[in-house]
Amino acid sequence: MTDSSDAYRIVVVCWGNICRSPMAEFVLRQAFEDAGLSDRVVVSSAGTSTEELGRPMDRRTIAVMQRNSVRDSGFRTKRAVQFRSDSFDDADLVLTADHIHERILRDRARSEEDRAKIRMLRSFDPEAVAAGTLGMDDPWYGDDDDFDITYAEIVAATPGIIEYVRSEIGA
């Protein structure tokens with residue numbers, strides 16, 4: 148991996164940073180590795196809330212990734228962090244899980260440059276765009292099936308995210 152200051156930096160954001168955003172972080176990290184771009188792209192995640200700060204990922208998040216053979220590149224050491232206004236300084240692309248996170252981040256943005264970095268994660272899934280279903284429901288309130296749905300939504304958006312980042316970095 149190159150120095151992260153030289154890499155294209157993606158931050159995935161949800162509410163608590165224990166379900167959707169870390170799941171997307173690890174799925175995208177693996178996808179960029181598989182695409183041969185791990186030396187040029189760094190993926191991390193954060194939450195808009197402080198409710199879960201320092202806590203590990205929800206066990207169901209880990210379970211769905213294990214069921215789907217997502218490589219464990221730090222499942223047990225990942226801890227929830229908050230996305231603050233100054234977090235924009237360390238991001239080239241900020242992917243939000245839901246419309247509420249998009250609004251919160253637009254409020255936290257300090258400039259149009261910060262706002263331009265914000266995209267809904269599912270806006271990279273053509274079927275979600277066509278259906279007008281860009282938000283991801285929070286699986287925390289549900290069961291394993293809800294975590295499977297979240298995983299499938301992330302996977303469906305992944306090719307579009309990779310294509311977009313390739314165009315951004317000229318790869």
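Read in order, the letters of the sequence shown correspond to residues 148 to 318 in our numbering.
No residue lacks a Cβ here, since even glycine has one placed at the ideal position from N, Cα and C.
Proximity to phenylalanine 230 [Cα-Cα], best of Asp254, Val174, Gly289
Asp254
Can you grab the Cα-Cα spacing for the pair aspartate 245 / serine 270, in whole Å?
11 Å
Selected residue, minimal CA-CA separation from glutamate 274, among Arg257, Glu249, Tyr288, Ala303:
Ala303
Is the separation between the beta-carbon of asparagine 215 and that of tyrosine 298 shorter than 8 Å?
yes
When you compare the CB positions of arginine 176 and valine 158, do they come within less than 8 Å of one another, or not?
No, the Cβ-Cβ distance between arginine 176 and valine 158 is not below 8 Å.
By Cβ distance, which residues of its chain are closer than 8 Å to valine 211, with the 5 residues on each side in sequence left out?
Met170, Asp291, Phe294, Asp295, Thr297, Tyr298
The alpha helix (DSSP H) spanning glycine 307 covers which residue range?
291 to 316
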